[in-house]
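Take the sequence shown: its letters are residues 9 to 396, numbered as in our numbering.
Note sheet for the following structure.
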Amino acid sequence: MKVENILLEVLGLPTKGQIEEAGAVRGRARARVAAQEQQKQKQLQRVPIKPFDKKSILKSPGTILRYPYEALTDETDYLQIDIREYNPVKSISEKRGLTSDGSIRNNELSYIIQDGKVSDIRRSNDVSKLTTTELNKTKKILNAKGSILLPIPSNVQDANSVSYSEGKLDKITSDIYTALAGQSTPTAGGQGNAFTQIGSGLNTKVGEIGKTLLKDNQVGQLLATSLFAQAANIPLGGSLTRDQVIARSSGQVLNQNVELLFNGVTLRSFKFSFKFTPRNPNEANQVYYIIESLKLNMAAKVSGDGLFLNTPNVFELTYKKGNDPHPFLNSFKQCVLTDMSINYTGEGTYAVYSDATPVSMILELGFKELEPIYDLDYDDEFLPGVGY
Numbered sequence: 009m010k011v012e013n014i015l016l017e018v019l020g021l022p023t024k025g026q027i028e029e030a031g032a033v034r035g036r037a038r039a040r041v042a043a044q045e046q047q048k049q050k051q052l053q054r055v056p057i058k059p060f061d062k063k064s065i066l067k068s069p070g071t072i073l074r075y076p077y078e079a080l081t082d083e084t085d086y087l088q089i090d091i092r093e094y095n096p097v098k099s100i101s102e103k104r105g106l107t108s109d110g111s112i113r114n115n116e117l118s119y120i121i122q123d124g125k126v127s128d129i130r131r132s133n134d135v136s137k138l139t140t141t142e143l144n145k146t147k148k149i150l151n152a153k154g155s156i157l158l159p160i161p162s163n164v165q166d167a168n169s170v171s172y173s174e175g176k177l178d179k180i181t182s183d184i185y186t187a188l189a190g191q192s193t194p195t196a197g198g199q200g201n202a203f204t205q206i207g208s209g210l211n212t213k214v215g216e217i218g219k220t221l222l223k224d225n226q227v228g229q230l231l232a233t234s235l236f237a238q239a240a241n242i243p244l245g246g247s248l249t250r251d252q253v254i255a256r257s258s259g260q261v262l263n264q265n266v267e268l269l270f271n272g273v274t275l276r277s278f279k280f281s282f283k284f285t286p287r288n289p290n291e292a293n294q295v296y297y298i299i300e301s302l303k304l305n306m307a308a309k310v311s312g313d314g315l316f317l318n319t320p321n322v323f324e325l326t327y328k329k330g331n332d333p334h335p336f337l338n339s340f341k342q343c344v345l346t347d348m349s350i351n352y353t354g355e356g357t358y359a360v361y362s363d364a365t366p367v368s369m370i371l372e373l374g375f376k377e378l379e380p381i382y383d384l385d386y387d388d389e390f391l392p393g394v395g396y
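Given below as structure tokens:
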């Protein structure tokens, strides 16, 4: 062993041979990394998305798009979005009127053409069977614009609500109304006669109730206070009220008998978020078509002469497990797609494949139901899961 090497060993420093060997190891490691990166890039090489006929792909009945692009099994859970033409209320209401008189948009029946005949299939759940080429050729859903199959989103929730508001009614007003309503119904003979009779009755009943309820003609004082307060507001547009005058004068307020009263129904809305990371050309094409299809079907339709705008297509959402409705999750009524946004930099930075397809995208969808939920909707024996 050379003296130089011995000295290096004594000092704890690597010899020239050890340095060369370490360099060779690092070189081989860099070569392996470069080869792996080259192989990875080769795998990511994808052919550009082929030009397509939107009329045949995005508008043809029965077209099915899905992500991820893999076979569905009986255990696969997913969200199915069926696209349908919008039907005005008058065209689907039993009475052919301008109001629905109940539930008519709860994804009830789908009519399927099979072997040239129309068969009645409960709901639209059989649409998942159209994923095969054979069934695509034999079955078409009437009024359909295709379907989109997406994975169950990470945030699954539903919320039902109805509207209530405070109702106020003081005793004087209540008693006057009760007394007037207890009179005989005004006789026919025109609107003027009815108003005249009600006005005459009002004049009489106010005096009678004032004597019964209050002493010292306090009803008259309250009426005068109300009129004076309104008159005082006229010159400068003030905001003085009868109750403010009473409170400032006597420290009292009329008992308003506040009660929470049912005010009406509300329409539900749903938000969904999906992350797309295409792994191959087929998935990239599907993501491309899904985004294009959603944009196309939520857009307003211009009539032939341009005078009117027609309602965009509507969407029927169904949580599925295989070919059947999900046995637990909630159901939906027909919805419209109110808002849609796509983030093409899903990882926080711009990154694309060789054909410019983003490597990660986030799709945000906002749906709103066309119809509120009624109690009769839960009478449906075919309603799966927890219902609406």
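Backbone N, C-alpha and C define an ideal beta-carbon position, used for all residues, glycine too.
Predicted, not measured: the structure shown is a model, and the values here were computed from it.
### Query
Taking the C-alpha atoms as reference points, what is the distance between Asp388 and Ser281?
Rounded to whole angstroms, the gap between the alpha carbons of Asp388 and Ser281 is 30 Å.
### Task
Compute the Euclidean distance between the alpha carbons of Tyr94 and Gln88, then round it to the nearest angstrom.
A straight line joining the alpha-carbon of Tyr94 with that of Gln88 spans about 18 Å.
### Query
Helix or strand or just coil, what does DSSP make of Glu377?
The answer is strand: DSSP assigns Glu377 an E or B state.
### Query
In terms of residue numbering, what span does the alpha helix (DSSP H) encompassing Asn290 cover?
Counting along the chain, the alpha helix (DSSP H) containing Asn290 begins and ends at 289-306.
### Task
Can you tell me which of the three DSSP states Tyr172 falls into?
The answer is strand: DSSP assigns Tyr172 an E or B state.
### Query
Which term fits Asp383, buried or exposed, when burial requires 16 or more other beta carbons within 10 angstroms of its beta carbon?
Counting the other CB atoms within 10 Å of its CB gives Asp383 a total below 16, which places it among the exposed residues.
#### Entry: Residue span of the alpha helix (DSSP H) that contains Tyr361, given as start and end
Taken as a continuous stretch (DSSP letters only), Tyr361 belongs to no alpha helix (DSSP H), as it is neither H nor E.
### Message
Relative to the C-alpha of Leu319, which candidate in Arg92, Ser362, Asn338 has its C-alpha closest?
### Response
Going by the sequence as given, residue 319 is Thr instead of Leu. Comparing Cα positions, the closest option is Arg92.
### Message
Here's a check: name, in chain order, each residue in its chain whose Cβ is nearer than 7 Å to the Cβ of Ser111, leaving out the five neighbours to either side.
### Response
Around Ser111: Glu379, Tyr382, Leu384, Asp385.
### Task
Enumerate in chain order the residues of its own chain whose CB-to-CB distance from Gly178 is below 6 Å, with the five nearest sequence positions on each side excluded.
According to the sequence as given, residue 178 is Asp; it is not Gly. Leu262, Gln264.
### DSSP three-state assignment for Ser111, whether helix, strand or coil
Of the three classes helix, strand and coil, the one that applies to Ser111 here is coil, per DSSP.
### Query
Does the beta-carbon of Tyr75 have 16 or more other beta-carbons within 10 angstroms, so that it is buried, or is it exposed?
Burial call: buried.
#### Entry: Beta-carbon proximity check, Gly175 vs Glu267, cutoff 8 Å
Yes, these two residues count as a Cβ contact at 8 Å.
#### Entry: Residue of Ile160, Ser99, Gly259, Leu106 minimising C-alpha distance to Pro333
Nearest of Ile160, Ser99, Gly259, Leu106 to Pro333, Cα basis: Ile160.
### Cβ-based neighbour list, Arg40, same chain, cut-off 6 Å, excluding 5 preceding and 5 following
Apart from the 5 residues on each side of it in sequence, Arg40 has no Cβ closer than 6 Å to any other Cβ in its chain.
### Task
Kindly indicate which three-state DSSP category Glu29 falls into: helix, strand or coil?
Correct three-state label for Glu29: helix.
### Query
Under the three-state reduction of DSSP, which class applies to Thr346: helix, strand or coil?
Correct three-state label for Thr346: strand.
### Query
Among Ala232, Leu73, Lys98, Ser182, which residue has its Cα nearest to the Cα of Lys153?
That would be Leu73, whose Cα lies nearest to the Cα of Lys153.
### Query
If you draw a straight line from the alpha carbon of Ile254 to that of Ser182, how long is it in whole angstroms?
Spanning the two alpha carbons is a distance of roughly 19 Å.
### beta strand (DSSP E) segments (min. 3 residues) lying fully within the region 219-285
Restricted to the region 219-285, the beta strand (DSSP E) segments that are unbroken, complete and at least 3 residues in length are 267-273, 277-284, listed in chain order.
### Query
Apart from the five residues on each side of it in sequence, which residues of its chain come closer than 6 Å, Cβ to Cβ, to Thr285?
Here the set comprises Ser368.
### Query
Does DSSP put Lys179 in a helix, in a strand, or in coil?
DSSP, reduced to helix, strand and coil, places Lys179 within a helical segment of the structure shown.
### Query
Between Pro243 and the rest of its own chain, which residues show a CB-CB distance below 6 Å, the 5 nearest in sequence each way excluded?
In its own chain, leaving out the 5 sequence neighbours on each side, no residue places its CB closer than 6 Å to the CB of Pro243.
### Query
DSSP on Glu389, reduced to helix/strand/coil?
Coil, per DSSP.
### Task
Just confirm the distance between the C-beta atoms of Lys283 and Gly354, as a whole number of angstroms; I'd bet it's less than 8 Å.
Sure, about 6 Å apart at Cβ, within 8 Å.
### beta strand (DSSP E) segment containing Val322, residue limits
322-329 is the span of the beta strand (DSSP E), which, as asked, contains Val322.
### Query
Just curious, the beta strand (DSSP E) that Ile72 is in, first and last residue?
First-last of the beta strand (DSSP E) with Ile72: 72-74.
### Query
Which value, in whole angstroms, describes the spacing of the CA atoms of Val164 and Val310?
For Val164 and Val310, the distance between alpha carbons rounds to 35 Å.
#### Entry: Own chain residues within Cβ distance below 7 Å of Ala240, not counting five before or after
In the same chain as Ala240, and ignoring 5 residues on each side of it, the C-beta atoms closer than 7 Å to its own belong to Gly246, Leu248, in chain order.
### Query
Taking Cβ to Cβ, would you say Phe270 is nearer than 8 Å to Phe323?
Cβ distance not < 8 Å, so Phe270 and Phe323 don't count as in contact.
### Query
Is the beta carbon of Gly272 less than 8 Å from the beta carbon of Ser339?
Not in contact: Gly272 and Ser339 (Cβ atoms no closer than 8 Å).
### Query
Who are the near neighbours of Ala308 in its chain, counting only those whose CB is closer than 8 Å to its CB and skipping five residues on each side?
For Ala308, the CB contacts under 8 Å within the same chain, skipping 5 residues up- and downstream, are Leu317, Asn318, Thr319, Pro320 in chain order.
### Query
In its own chain, which residues sit with a C-beta less than 6 Å from the C-beta of Lys341, not counting the 5 before and 5 after it?
Same-chain partners within the cutoff: Arg113, Asn114, Glu377, Glu379.
### Query
Straight-line CA distance for Asp123 to Leu391?
In this prediction, Asp123 scores a pLDDT of 48, lower than 50, which makes its location untrustworthy; the coordinate-derived value is nonetheless stated afterwards. If you take the alpha carbons of Asp123 and Leu391, they lie about 28 Å apart.
### Task
Measure the alpha-carbon distance for Ile299 versus Asp313 and round it to whole angstroms.
The C-alpha of Ile299 lies about 29 Å from the C-alpha of Asp313.
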